[in-house]
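Residue numbers are given in numbering that gives the first Met the number 0: position 73 of the sequence shown equals residue 72, and the series is strictly consecutive.
Everything on this sheet refers to the single structure shown next.
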Amino acid sequence: MSDSRRHVGLVLALCGAAVMSGCTNIPTTSPVYSADISLQDPGPVFFAAAGPSVDASPRDIVDGFLTAQAAGLAGDWSAAESFLTAAASGQWEPGGTVNVFDGELDAVVSENAGDEVEGATLSASELDGVTAVTVDASVALQGSLTPAGAYTESLNGARSQMTFELVRRSDGQWRISSLPNDLYISTPNFRSFYRATSVYFVSPDEQYLIPDVRWFPRQRTETYVVNAVLTGPSPWLADAVAQTVPEGTRLVYDAVNVENGTATVNLSTHVMDASPDERALLATQLRAALTRLPGVRNVLIQANGIELQVGELPELQRDPTLATSPIVRVGSQLARVTSGEVEPLDPAVEVSGLNVTAIALDEDATSIVIRDGQQALRVLRPEGRRGQVIAQGDDLIAPSIDRFSWVWSGEKNQPDDGELLAVGTDGTTVRVPVPWLSGRTVSEVRISHDGARLAVISAVPGRRVIEVAAITRDGNNVPQAVAEPISVGGATMSPELMEWVDESTLAVLTDSTESTNQNVVSVQVGGGSESIASVDDAQSLGAGRGLRSIYVGTQDGVVLSRAATGTSWVTVVDNAYLPSFPG
Numbered sequence: 000m001s002d003s004r005r006h007v008g009l010v011l012a013l014c015g016a017a018v019m020s021g022c023t024n025i026p027t028t029s030p031v032y033s034a035d036i037s038l039q040d041p042g043p044v045f046f047a048a049a050g051p052s053v054d055a056s057p058r059d060i061v062d063g064f065l066t067a068q069a070a071g072l073a074g075d076w077s078a079a080e081s082f083l084t085a086a087a088s089g090q091w092e093p094g095g096t097v098n099v100f101d102g103e104l105d106a107v108v109s110e111n112a113g114d115e116v117e118g119a120t121l122s123a124s125e126l127d128g129v130t131a132v133t134v135d136a137s138v139a140l141q142g143s144l145t146p147a148g149a150y151t152e153s154l155n156g157a158r159s160q161m162t163f164e165l166v167r168r169s170d171g172q173w174r175i176s177s178l179p180n181d182l183y184i185s186t187p188n189f190r191s192f193y194r195a196t197s198v199y200f201v202s203p204d205e206q207y208l209i210p211d212v213r214w215f216p217r218q219r220t221e222t223y224v225v226n227a228v229l230t231g232p233s234p235w236l237a238d239a240v241a242q243t244v245p246e247g248t249r250l251v252y253d254a255v256n257v258e259n260g261t262a263t264v265n266l267s268t269h270v271m272d273a274s275p276d277e278r279a280l281l282a283t284q285l286r287a288a289l290t291r292l293p294g295v296r297n298v299l300i301q302a303n304g305i306e307l308q309v310g311e312l313p314e315l316q317r318d319p320t321l322a323t324s325p326i327v328r329v330g331s332q333l334a335r336v337t338s339g340e341v342e343p344l345d346p347a348v349e350v351s352g353l354n355v356t357a358i359a360l361d362e363d364a365t366s367i368v369i370r371d372g373q374q375a376l377r378v379l380r381p382e383g384r385r386g387q388v389i390a391q392g393d394d395l396i397a398p399s400i401d402r403f404s405w406v407w408s409g410e411k412n413q414p415d416d417g418e419l420l421a422v423g424t425d426g427t428t429v430r431v432p433v434p435w436l437s438g439r440t441v442s443e444v445r446i447s448h449d450g451a452r453l454a455v456i457s458a459v460p461g462r463r464v465i466e467v468a469a470i471t472r473d474g475n476n477v478p479q480a481v482a483e484p485i486s487v488g489g490a491t492m493s494p495e496l497m498e499w500v501d502e503s504t505l506a507v508l509t510d511s512t513e514s515t516n517q518n519v520v521s522v523q524v525g526g527g528s529e530s531i532a533s534v535d536d537a538q539s540l541g542a543g544r545g546l547r548s549i550y551v552g553t554q555d556g557v558v559l560s561r562a563a564t565g566t567s568w569v570t571v572v573d574n575a576y577l578p579s580f581p582g
């Protein structure tokens, strides 16, 4: 076995470096359920995998090999290698992508690749006298993980195809002679081996910490987190964050020691090339990322063993709570809902004579923008004035306001070159190029509270997709471009509306016209999705901070919020529409 197999990219090698406690069989399936998503840390688990049994069939050999890969990710590849010929074992390089699957393996065994009847497989008697076979197999794919720890959820119903060639040895036993290098791990094992955590980077204006969700092994997660900070953001996010790490900076011993709640980060002397302000920002990033991990309360940063002087750390915002109650339309006014009571805004904001179809608020709810019908955006003014029209179009996307007070919208039916509008409340308009939206129909655009990322629901051939991309701004925070996106929530069927509920999670409402029921789905940017509640007749969605702060507005004017526990809804107020929060 080569040295690279022991390393398995950036995130696999150290998974089993320490002695693990407990022992369990390796499951291949997990139930689908509706529940709150909470951060749990079950701790390390040891997985024992057996080698091939005597006279195992080709199908059993492939099954056993995939099961044994879980033990390999824990640091012991011997069981997996025992399913291979000596030549295949010497050539196998299990690096790169880790595929997460659910359910059982579907496999067809044929004497010659491509000659089998679809769905048929050689029986035990038909294998008599055969010395070489091909196994064409597939599994239900849940997602995939890159060596850098970036996870992408697969589309609903996706399957991963793989081909194995097997030969019969002189002792009559089957072994794998040719195989893919990608790894496969069941969903339950993935959750046991890996944890999701946020690596933080600094916004260009040095006001916010921007999260980059990664999945790392539970063993020595601290080391992976620090290396990720030093290496830099995921490619899709790079245009939206600042560079704070001097080139060449690395961990001296490629390890972060944690003792009595303090993580010691010993960096190379390259870190001394940073300015005092840059050192303070780097220290803030490391502290924010490491103190999210179990058992880490403090962070000590060193340069080649000597404590690094960083001065006072800046107070960067991370995942703020902007509002705890929604604003709604009640009759001809806008009002705030507090403890189930409707209180008109003071000073009053009248909407009589306007067809309010969407509401957007800035961070402190002092600027209010509505979509009037489908063709105009208006900034509302107090005391009965109709407000200034700041944008017009044929069929406008519901507005979203970023923390710099830019109002984002655009045409639902995108032009061939693809673009969104960023409009100042004074009517200044910036056309922001988004080439990847060319020709699509856009359902929704929502800006994250940090102003660095944009989430979009749009239609591609055959389905609707959710994507998240970085926003590039100039020195005055004016939007300039939207970078290439990543796909999120691939398993979410028919997404229609969405809101950010925290720094890396979207609440998504599905479309009842394309599915039997409407569902509210939690979608993690850089993670998976999970249905958290079903709802009937919803036509609008609002969210504060957290999955319990989700509100829906129904077609007949009932505003619902999630119950304190479970998956049910409670009525907040009647005769109100469009529950809205800042963003």
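Beta carbons are placed, not taken as given, at the ideal position from N, Cα and C, and that holds for glycine.
Nearest-angstrom Cα distance between residue i and residue j?
i	j	result
Val-138	Ala-490	16 Å
Trp-91	Pro-57	19 Å
Ala-430	Gly-409	For clarity, residue 430 is Arg in the given sequence; the question names Ala instead. Computed Cα separation, rounded: 9 Å.
Asn-256	Gly-50	35 Å
Thr-162	Val-198	36 Å
Glu-117	Thr-133	Confidence in Glu-117 is poor, its pLDDT being 41 and thus under 50, which makes the residue's placement too unreliable to answer from.
Leu-360	Asp-401	9 Å
Val-7	Ser-177	Bear in mind that a pLDDT of 45 at Val-7, under 50, signals an unreliable position, so the model cannot answer this.
Thr-196	Gly-352	48 Å
Thr-323	Leu-546	13 Å
Val-350	Leu-312	46 Å
Ser-521	Pro-478	28 Å
Thr-337	Gly-95	51 Å
Asn-265	Val-107	52 Å
Met-271	Gly-260	26 Å
Glu-502	Gly-565	23 Å
Phe-215	Gly-71	15 Å
Ser-143	Gly-339	43 Å
His-269	Ser-528	40 Å
Ile-25	Gly-63	Bear in mind that the predicted position of Ile-25 carries a pLDDT of just 35, short of 50, making it too unreliable to give a figure here.
Ala-67	Ala-78	6 Å
His-448	Leu-559	23 Å
Glu-115	Asp-473	Low confidence applies to Glu-115: its pLDDT is 44, below 50, so where it sits in the model is not reliable, and the reading given next is rough at best. Cα-Cα distance, rounded: 59 Å.
Arg-168	Ala-123	17 Å
Is the beta carbon of residue i sitting closer than 8 Å to the one on residue j?
i	j	result
Tyr-207	Leu-285	no
Val-481	Ala-468	yes
Ala-334	Pro-343	yes
Pro-356	Arg-370	In the sequence as presented, Pro is not what sits at residue 356; that position holds Thr. The answer is yes: Cβ separation under 8 Å.
Leu-140	Phe-192	no
Leu-292	Thr-263	no
Asp-181	Ala-136	no
Tyr-183	Leu-65	yes
Val-148	Tyr-223	Here residue 148 turns out to be Gly, not Val, going by the sequence shown. Yes, Cβ-Cβ distance for Gly-148 and Tyr-223 is below 8 Å.
Asp-204	Asn-516	no
Met-497	Arg-445	yes
Arg-194	Thr-220	yes
Assuming residue i and residue j make a contact with CB atoms under 8 Å, what is their CB distance in whole Å?
i	j	result
Val-225	Leu-280	Incorrect: roughly 15 Å between the Cβ atoms, too far for contact.
Thr-428	Ala-390	7 Å
Gln-518	Thr-504	According to the sequence as given, residue 518 is Asn; it is not Gln. No, Asn-518 and Thr-504 are not in contact; Cβ-Cβ is about 15 Å, not under 8 Å.
Pro-484	Trp-435	6 Å
Phe-580	Ala-542	6 Å
Val-240	Arg-278	At roughly 17 Å, the Cβ-Cβ gap does not stay under 8 Å, so Val-240 and Arg-278 are not in contact.
Glu-418	Val-433	6 Å
Val-487	Glu-466	7 Å
Pro-494	Ile-456	5 Å
Gly-438	Asp-415	6 Å
Gln-374	Leu-395	6 Å
Val-228	Ala-288	6 Å
Original post:
If you scan the segment 291-366 from start to end, which runs of the beta strand (DSSP E) of 3 or more residues do you find wholly inside it?
Top reply: Within the segment 291-366, the complete beta strand (DSSP E) segments at least 3 residues long are 297-302, 326-329, 332-337, 340-343, 355-360, listed from N- to C-terminus.
**OP:** Please specify which runs of the alpha helix (DSSP H), each continuous and at least 4 residues long, are wholly inside the segment 461-537, giving them in chain order.
**Re:** If one requires a minimum length of 4 residues, no alpha helix (DSSP H) run lies completely within the segment 461-537.
**OP:** Evaluate the contact criterion for the segment 521-539 versus the segment 549-566: three or more CB pairs, one atom per stretch, below 8 Å.
**Re:** Contact between the segment 521-539 and the segment 549-566 is present, because at least three Cβ pairs lie under 8 Å.
Original post:
Are the segment 228-242 and the segment 328-345 in contact at 8 Å, needing three or more beta carbon pairs?
Top reply: no
Original post:
Looking at C-beta atoms only, is the number of pairs between the segment 329-344 and the segment 568-576 that lie closer than 8 Å three or more?
Top reply: yes
Subject >> Touching by the beta-carbon criterion (3+ pairs, under 8 Å), the segment 68-86 and the segment 150-161 >> reply: no
**OP:** Spell out a yes or no on whether the segment 178-187 and the segment 209-228 are touching, meaning 3 or more CB-CB pairs, one atom from each, closer than 8 Å.
**Re:** Between the segment 178-187 and the segment 209-228 there are fewer than three C-beta pairs closer than 8 Å, too few to call the two in contact.
Original post:
With contact counted as at least three CB pairs below 8 Å, one residue from each stretch, are the segment 242-262 and the segment 293-311 in contact?
Top reply: yes
Subject >> 3 or more residues per run - each beta strand (DSSP E) lying fully within the segment 128-161 >> reply: 131-144, 150-152
**OP:** Go through the segment 58-98 residue by residue and report every complete run of the alpha helix (DSSP H) that reaches 4 residues or more, in order.
**Re:** 77-80, 85-90
Subject >> beta strand (DSSP E) segments (min. 3 residues) lying fully within the segment 410-448 >> reply: 418-422, 428-432, 440-446
**OP:** Note down, one range per segment and in chain order, each alpha helix (DSSP H) of at least 4 residues found wholly within the segment 266-293.
**Re:** Annotation: the segment 266-293 contains the following complete segments of the alpha helix (DSSP H) (minimum length 4 residues), in chain order: 275-289.
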